[in-house]
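Numbering (the numbering used here), first residue to last: -12 to 246.
All C-beta atoms, glycine included, are put in the ideal place defined by N, C-alpha and C.
Quick caveat, the model's predicted, so the values are computed rather than measured.
Report on the following structure.
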Amino acid sequence: MSGEHNPGGLVVDDSPLVPGSLSNQVAVITGGSRGIGFAAALGLAKLGAEVILIGKNLENLTQANKKLQDQGLKSSSFVADVADSKQMDQICSEILKNFTPTILVNSAGVMSERTAKTLRTSVDEWDRVLSINLNGVFNSIRNFAPIMVENRNGRIINVTACLGRMSGPGTNGGLAPYRISKSAVNALTKNFASETGSGKRGVLVDAICPAHCQTDMGGPDAPRTAEQGAETILWLASRPLKEDTLTGFLWEDRAIVPW
Ligand SMILES: NC(=O)c1ccc[n+]([C@@H]2O[C@H](COP(=O)([O-])OP(=O)(O)OC[C@H]3O[C@@H](n4cnc5c(N)ncnc54)[C@H](OP(=O)(O)O)[C@@H]3O)[C@@H](O)[C@H]2O)c1
-12 MSGEHNPGGL VVDDSPLVPG SLSNQVAVIT GGSRGIGFAA ALGLAKLGAE VILIGKNLEN
48 LTQANKKLQD QGLKSSSFVA DVADSKQMDQ ICSEILKNFT PTILVNSAGV MSERTAKTLR
108 TSVDEWDRVL SINLNGVFNS IRNFAPIMVE NRNGRIINVT ACLGRMSGPG TNGGLAPYRI
168 SKSAVNALTK NFASETGSGK RGVLVDAICP AHCQTDMGGP DAPRTAEQGA ETILWLASRP
228 LKEDTLTGFL WEDRAIVPW
């Protein structure tokens, strides 16, 4: 994954994040048990949000939830495979009985096999990666976005990757299921942002590229920490809604980068 980082665009706002600014907000984070999703959950909770973690592995989820609660932060966790629409419907309806989410971070994701050039990709591998990375985002959005649309209050942040960009590194070949799943989530993001009025109706929908980060996926030698990768998520989640708020874009380090 080295070489994925693409610094470039103009940083649109470098103001500091303000502790307490997200009190009264409820943030759902898929993939919140580890890596960038956990860093996002920790950061959002420190800004005051109540966080809800979704992950597949109960042990990882329990540990992550405990780490947050041990710091006095408000969190809870729910086990589901994001790729499984029935499991997602079930836990999401449980969540919606007790919470009104205002922030949704879709970070759950898997890398494809390193050898996965298009003609070396098995049908099973294709289905595995696409069902988690793409269908997982759809399963999350179709459950959590309606209440945000209804309340005209939502921030939806999809963690994609520069490897999913149609410009630059996204189409250089290799890692086909991964790259294509991330390109598809970029498309989902732009399309859904348009469908929700591009911010005019209170819901902001964006994608971020965290760049290459030290996580289980990124490996220990990655140049950035998970916290650095998550910073733009916190910023996007914290943005007030104004006439000129930019939404429906792919962001990296608070700057818009080409899809
Ligand atoms: N790290 C990087 O350098 C990098 C670069 C660009 C983009 N990204 C993207 O950033 C996101 C987070 O990556 P990461 O590096 O933080 O990965 P990670 O450390 O491997 O963590 C992946 C997270 O996704 C969850 N997850 C995986 N499959 C799931 C499923 N089927 N259902 C529910 N949860 C599932 C995992 O939960 P369990 O503990 O239950 O498995 C875990 O919380 C991914 O979408 C990735 O593509 C990462």
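Any idea what DSSP makes of residue i, helix, strand or coil?
{"i": "S185", "result": "coil"}
{"i": "N11", "result": "coil"}
{"i": "R139", "result": "coil"}
{"i": "G22", "result": "helix"}
{"i": "E100", "result": "coil"}
{"i": "E37", "result": "strand"}
{"i": "A194", "result": "strand"}
{"i": "G206", "result": "coil"}
{"i": "T234", "result": "coil"}
{"i": "A148", "result": "coil"}
{"i": "S2", "result": "coil"}
{"i": "F86", "result": "coil"}
{"i": "G42", "result": "strand"}
Quick one: Cα of residue i to Cα of residue j, how far?
{"i": "G59", "j": "L29", "result": "11 Å"}
{"i": "S181", "j": "I90", "result": "18 Å"}
{"i": "M98", "j": "K84", "result": "33 Å"}
{"i": "D71", "j": "I16", "result": "16 Å"}
{"i": "D68", "j": "P133", "result": "21 Å"}
{"i": "K187", "j": "N178", "result": "15 Å"}
{"i": "A103", "j": "G155", "result": "19 Å"}
{"i": "N140", "j": "G189", "result": "5 Å"}
{"i": "D57", "j": "I143", "result": "27 Å"}
{"i": "N44", "j": "E230", "result": "41 Å"}
{"i": "R107", "j": "L117", "result": "16 Å"}
Per DSSP, which one or two residues make a beta bridge with residue i?
{"i": "C200", "result": "R211"}
{"i": "R91", "result": "Note on identity: in this sequence residue 91 is Leu, with Arg being the wrong assignment. BP columns for L91 point to V15 and I143."}
With the cut-off set at 8 Å, would you say residue i and residue j are in Cβ contact?
{"i": "L228", "j": "L4", "result": "no"}
{"i": "P88", "j": "F125", "result": "no"}
{"i": "Q201", "j": "P207", "result": "yes"}
{"i": "A32", "j": "S62", "result": "yes"}
{"i": "V92", "j": "A14", "result": "yes"}
{"i": "S10", "j": "S225", "result": "no"}
Under 7 Å from any heavy atom of ligand 3, does the C-beta of residue i make it?
{"i": "K54", "result": "As presented, the structure is devoid of ligand 3, carrying ligand 1 as its sole ligands."}
| request: Assess, as a yes-or-no matter, whether the stretch 194 to 201 is touched by the stretch 136 to 148 under the definition of 3 or more beta carbon pairs within less than 8 Å. | output: yes
| said: Between the stretch 36 to 46 and the stretch 11 to 27, can you find at least three pairs of beta-carbon atoms closer than 8 Å? | reply: yes
| the stretch 111 to 131 / the stretch 154 to 171 touching (three or more Cβ pairs under 8 Å) | yes
| Sufficient close CB pairs (3 or more, under 8 Å) joining the stretch 47 to 58 to the stretch 229 to 245 | no
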